[in-house]
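**Student:** Can you read through this structure? Questions will come right after.
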Amino acid sequence: LASVLIDKYADNLPLYRQAKRFEREGVALDRQTLCGWIGRTYWLLEPLYDHILADILGSLVIFADETTLPVLDPGRGRTKTGYLWAYARDERPWCGERPPAVAYIYEEDRRHQHAIDHLAGFTGILHCDGVACPREGGGRLRQGVQGSSEGSELRHHPRALQHPCAANLLRYPHHDRLPH
């Protein structure tokens with residue numbers, strides 16, 4: 220199963236080509252069987268995905284972006300445009316303890332309501348471009364700015380200030396010039 224998933228998603232090898240490869244090796248597997256395996260594997264991996272997404276959204280700082288994705292449109296003989304919303308955490312710049320992680324959520328359109336729904340429980344700092352950032356947040360979100368100094372944001376979060384790297388960042392010689 221892992222090989223089928225890696226071939227499909229990491230190596231972009233469609234299921235019909237995988238079925239032909241299996242056939243050359245003497246194993247009769249049709250595309251429907253492979254598709255069923257993938258569906259069952261998704262079901263088995265869903266708790267892991269949910270845990271990773273919840274862990275990311277429990278972070279102090281996350282990054283968000285959306286990108287287009289061609290999606291098969293059965294019956295029309297062509298593809299349509301879908302959207303992948305990416306939510307990522309990378310605490311390495313300020314010596315955070317959590318490992319980098321990213322989770323993707325597929326949506327059929329680009330409405331901002333999707334980001335608002337995805338981030339319903341998030342209360343930290345959100346770094347994103349103007350499109351991916353939800354405008355409504357009821358005061359729950361602090362919107363970071365791409366390229367801004369993390370020091371200015373860390374000052375407002377006691378959890379972050381407990382780490383020794385945060386103390387070093389706030390000793391920056393021109394810390395008084397950092398935006399509040």
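Residue numbering for the sequence shown follows our numbering, starting at 220 and increasing by one per position. Beta carbons are placed, not taken as given, at the ideal position from N, Cα and C, and that holds for glycine. What you are looking at is a predicted structure, and each value in this text was computed from that prediction instead of being measured.
(1) Are there three or more Cβ pairs, one per stretch, closer than 8 angstroms when the segment 323–336 is compared with the segment 244–264?
(2) In this structure, does DSSP put alanine 400 in helix, strand or coil?
(3) Is it a yes or a no for the segment 235–249 touching the segment 265–272, going by three-plus beta-carbon pairs under 8 angstroms?
(4) Would you check if there are 3 or more beta carbon pairs closer than 8 angstroms linking the segment 272–284 to the segment 302–317?
(5) Around the Cβ of isoleucine 344, are there at least 16 other Cβ atoms within 10 angstroms (buried) or fewer (exposed)?
(6) In the DSSP output, which residue or residues are listed as bridge partners for arginine 297?
(7) Report yes if the CB atom of threonine 298 is closer than 8 angstroms to the CB atom of threonine 287, and no otherwise.
(8) Buried or exposed, going by whether 16 or more other CB atoms sit within 10 Å of the CB of alanine 283?
(9) At the level of alpha carbons, what is the spacing between isoleucine 225 and alanine 334?
(10) Relative to the alpha-carbon of cysteine 254, which residue among Arg317, Tyr228, Gly315, Asp274 has its alpha-carbon at the smallest distance?
(11) Quick check: what's the CA-CA separation for arginine 317 versus isoleucine 275?
(12) Over the uninterrupted alpha helix (DSSP H) stretch that includes isoleucine 335, give me the two end residues.
(13) DSSP three-state label for aspartate 226, please.
(14) So the candidates are Ala273, Trp256, Arg240, Ala238; which of them puts its Cα closest to the Cα of leucine 338?
(15) Under the rule that 16 or more other beta-carbon atoms within 10 Å means buried, what is cysteine 314, buried or exposed?
(16) DSSP beta-bridge partners for tyrosine 323?
(17) Taking only three categories from DSSP, how would you classify threonine 260?
**Tutor:** The structure says:
(1) Remark: fewer than three beta-carbon pairs, one from each stretch, lie closer than 8 angstroms, so the segment 323–336 and the segment 244–264 are not flagged as touching.
(2) Because the chain here runs from 220 to 399, residue 400 falls outside it and cannot be looked at.
(3) At 8 angstroms Cβ cutoff, the stretches do not touch.
(4) Here the segment 272–284 lies against the segment 302–317, with 3 or more beta-carbon pairs under 8 angstroms apart.
(5) Taking the first residue of the sequence shown as position 1, residue 344 is located at position 125. Around the C-beta of isoleucine 344, 16 or more other C-beta atoms lie within 10 Å, and the residue is accordingly described as buried.
(6) Here the question's residue 297 lines up with position 78 in the sequence shown. Its beta-bridge partners are Asp292.
(7) Looking up residue 298 in the sequence shown gives position 79. Looking up residue 287 in the sequence shown gives position 68. Cβ distance not < 8 angstroms, so threonine 298 and threonine 287 don't count as in contact.
(8) Here residue 283 is taken as the residue at index 64 of the sequence shown, counted from 1. So alanine 283 counts as buried.
(9) As a first step, residue 225 must be located in the sequence shown, where it is residue number 6. As a first step, residue 334 must be located in the sequence shown, where it is residue number 115. Approximately 28 angstroms, taken between the alpha carbons.
(10) Here the question's residue 254 lines up with position 35 in the sequence shown. Distances from the CA of cysteine 254 to each of Arg317, Tyr228, Gly315, Asp274 were compared; the closest alpha carbon is that of Tyr228.
(11) Here residue 317 is taken as the residue at index 98 of the sequence shown, counted from 1. Here residue 275 is taken as the residue at index 56 of the sequence shown, counted from 1. Rounded to the nearest angstrom, the two C-alpha atoms are 9 angstroms apart.
(12) Numbered from its first residue, the sequence shown carries residue 335 at position 116. In this chain, the alpha helix (DSSP H) harbouring isoleucine 335 covers 331–337.
(13) Within the sequence shown, numbered from 1, the residue matching residue 226 stands at position 7. If DSSP states are grouped into helix, strand and coil, aspartate 226 belongs with the helices.
(14) What you label residue 338 is simply residue 119 of the sequence shown in a count that begins at 1. Distance from the Cα of leucine 338 is smallest, within the candidate group Ala273, Trp256, Arg240, Ala238, for Ala273.
(15) Position 95 of the sequence shown, counted from the first residue, corresponds to residue 314. When all chains shown are included, cysteine 314 counts as exposed.
(16) Residue numbering aside, residue 323 sits at position 104 when the sequence shown is read from its first letter. DSSP, once it has assigned bridges, lists Ala305 as partnering tyrosine 323.
(17) As a position in the sequence shown, residue 260 is number 41, starting the count at 1. DSSP places threonine 260 in helix when its eight states are reduced to three.
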